[in-house]
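For reference, the structure discussed in these notes is given below.
Protein chains in written order, with my numbering: chain A, 12 to 381; chain B, 12 to 381.
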């Protein structure tokens, strides 16, 4: 297949998040935003909140929850499955006669993705697996409000929500303009209580995506501009002695949003396919898997690898080592298959003959470094 | 008045353009975008096109104009008045039984602003002057498509459209979320035929706005990020030997869009008030007035002034000189009044005591340099 035809699929029409509030304490805006949609007392809203806040609710303050609303805490130890989304939607649907006026996701990438998927399913009907793919969602979902509590994944700005079908093993998003949030509240106060390591791993997700995009052969000026600014902001944050100072957390929250905006018009490169291998075969979470992979990327991204090692040293964050040291041949084969399947990113990074460059033994060598 | 209370008016909720296409030849997407809104043959659209293209239609190619559509060319020698908008809206309203399905603005800042205002008036009724101000537009306008043919004003991304009431002299925008475009088509091919000087003056509008924003005391991290990336892109374009190469025109189109996104959350500084004086008293167009002002801004923006002079020299663009050399005392007084009235930008740049720093004689001295 020709590289251009693989990577350039026509001029895309990018959908933006409709509205965003940014600033310390902006979560207090939620009340006004919700009230403008509650036209009668029968209206109700669904709050999907990262389970962390079930035990640590202080950062969220007093949420504007009415007696008819539902508050559901979302598990984040496992990534969301289509089966989980289906049961969540069923639970919400049967609890009231009417559909809710809003779905509010408060949390990290997992919770935001669950909120997007739930909102779409509530109005479109059917099961989550029927919408995994591109542009399969036919109707606008319930009004979606996203409130990220950690920065880096960009889930707040993208048109996808990644879910895994546990039966078939298919891990694929609902890529649709309808998946985009109607409203974001970007409040940097909410990231103050994130554990340092997790803050680093997740922040690096934005940086790594943009590094891959700007090193690729498929480029466009809008994506490049968003990526460049994301990298500039991440560099400031992770070169700083205080990556979690108020100023740094503000910058990283902006970087995450802009990095998410970049995703619409860019492709990743070598890091994400290897990282996906680690997630699929070894069950490692996306952001830490990215960092583990980045440690072994000296060959493909020498300058970026050096900068990354500087961030790690500067922030004194331990990246897990030896995760592939005890694997069997069949596990290495599974890692190879789970990596090499990512045709578009690998073509973007290495050209259409990427399978020649990245053969079994090379892929295994790279994993053996991790 | 306290500076904070003047400049910080609560956490804003920023509205994004809903969708954008970017790329060479993307104007051909207009057909598909319009077709998705034409549900029956009775539906019709209004094309508002910069009068320049009446005589030079090649860059636009074959527009998807149906027999029931209206094509109206917009004068750009004078800035739009509320009276002009009213008569345009009346003309469009009486021409069909139904409202149009889309208003398409194709041109520079003036044409885009006319399209925004027309779209709002068609659904909201009344006269343009009734909507000059903040959040006075109550209903969504007709679906708005913006296709800029010159880069720099940021009109494609903002929530305002600047119009002047000729009777009262009030020059004020319809600042409203409903003023934001639903769809942009950003096609850098369309700026290839812009005269060099105009290309420079208009491109500088984006750069100057962001320079002012980043030098001000009122700041926020989202606005700063958009401004910084706009400046980076403008710097590349105007430091390059080929400011109108394909690559440079692409970059400047992105800079204009991002610069427009910055406007939502930033304030300008000293340049725009002086430039407004030149426009109001001497009738100079906004973008050239900005450049004339920038030539006299060594005191307030020494580094930026030096960089600007470098751009001017590098691109060999003549900035009009001596525009204030023959003015009367009463004209200087009018200039002073038209400058000093801009309380928010001047407070942002110079502090709340700005009238002490910028007294009559200082303002006159600065104008005398122009």
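We put the beta carbon where it would ideally sit given N, CA and C, even for glycine.
Counting C-beta pairs with one atom in each stretch, the region 217-233 of chain B and the region 305-319 of chain B have three or more that are closer than 8 Å, which means they touch. For the pair residue 202 (chain A) and residue 186 (chain A), the CB atoms are not nearer than the 8 Å cut-off. Think of a sphere of 8 Å around the beta carbon of residue 239 (chain A): the chain B residues whose beta carbon falls inside it are 240 and 243, in chain order. For residue 137 (chain B), DSSP records no beta bridge to any residue. When C-beta distances to chain B are compared with 7 Å, every residue of the region 189-214 of chain A stays at or above that value. Its Cα nearest to that of residue 348 (chain B), the residue B:375 stands out among B:322, B:337 and B:375. Residues of chain A with a Cβ closer than 9 Å to the Cβ of residue 32 (chain B) are, in chain order, 22, 23, 24 and 25.
Residue pairing of residue 31 (chain A) in beta bridges, as defined by DSSP: A:195 and B:25. Burial is judged here by how many other beta carbons sit within 10 angstroms of a residue's own beta carbon; residue 215 (chain A) has at least 16 and is buried. Between residue 228 (chain A) and residue 277 (chain A), the C-beta gap is not smaller than 8 Å, which leaves the two residues out of contact. In terms of Cβ geometry, residue 146 (chain A) and residue 29 (chain A) do not form a close pair [threshold 8 Å].
Here residue 364 (chain B) is exposed. Its C-beta has fewer than 16 other C-beta atoms within 10 Å. Counting the other Cβ atoms within 10 Å of the Cβ of residue 156 (chain A) gives 16 or more, which makes it buried. For residue 222 (chain B), the nearest beta carbon of chain A is not closer than 8 Å to its own beta carbon. At a cut-off of 8 Å between beta-carbon atoms, residue 127 (chain B) makes no contact with chain A.
For residue 305 (chain B), the secondary structure class from DSSP, reduced to helix, strand or coil, is helix.
With a 10 Å radius around the Cβ and a threshold of 16 neighbouring Cβ atoms, residue 207 (chain B) comes out exposed. About 7 Å separates the CB atoms of residue 85 (chain B) and residue 60 (chain B); that is less than 8 Å, so the two are in contact.
For the region 137-166 of chain B, the set of residues with a beta-carbon nearer than 9 Å to any beta-carbon of chain A is empty. Scanning chain A for C-beta atoms nearer than 9 Å to the C-beta of residue 225 (chain B) yields nothing, as the closest lies near 13 Å away.
Chain-order list of chain B residues neighbouring residue 267 (chain A): empty, with the shortest C-beta distance near 11 Å, by a criterion of under 7 Å. Not a single C-beta of chain B is nearer than 8 Å to the C-beta of residue 259 (chain A). The way I'd put it, the region 125-142 of chain A does touch the region 51-60 of chain A; three or more beta-carbon pairs between them come closer than 8 Å. Scanning B:67, B:72, B:52 and B:279 for the CA closest to the CA of residue 37 (chain B) turns up B:72. Annotated three-state conformation of residue 350 (chain B) is helix, per DSSP. Beta-bridge analysis with DSSP links residue 343 (chain A) to no other residue. Bridge partners of residue 84 (chain B) according to DSSP: B:60. Distance from residue 93 (chain A) to residue 118 (chain A) at the Cβ level is roughly 19 Å; contact not present, criterion being Cβ atoms closer than 8 Å. The shortest CA-to-CA distance from residue 333 (chain B) to any of B:288, B:381 and B:293 is the one to B:381.
Nearest Cα to residue 199 (chain A) within the set A:259, A:152 and A:190: A:259. For residue 28 (chain B), the residues of chain A that pass the 8 Å Cβ criterion are 27, in the order they occur in the chain. Excluding the 5 residues flanking it on each side, residue 279 (chain A) has same chain C-beta neighbours closer than 7 Å at 220, 223, 224 and 356, in chain order.
Counting only the Cα atoms, residue 77 (chain A) lies some 49 Å from residue 359 (chain A). Approximately 17 Å separates the beta-carbon atoms of residue 25 (chain B) and residue 154 (chain A); this is outside 8 Å, ruling out the contact. Contact between residue 292 (chain B) and residue 346 (chain B) holds: CB atoms are separated by about 5 Å, below the 8 Å threshold.
In the three-state DSSP reduction, residue 38 (chain A) falls in the helix class (H, G or I).
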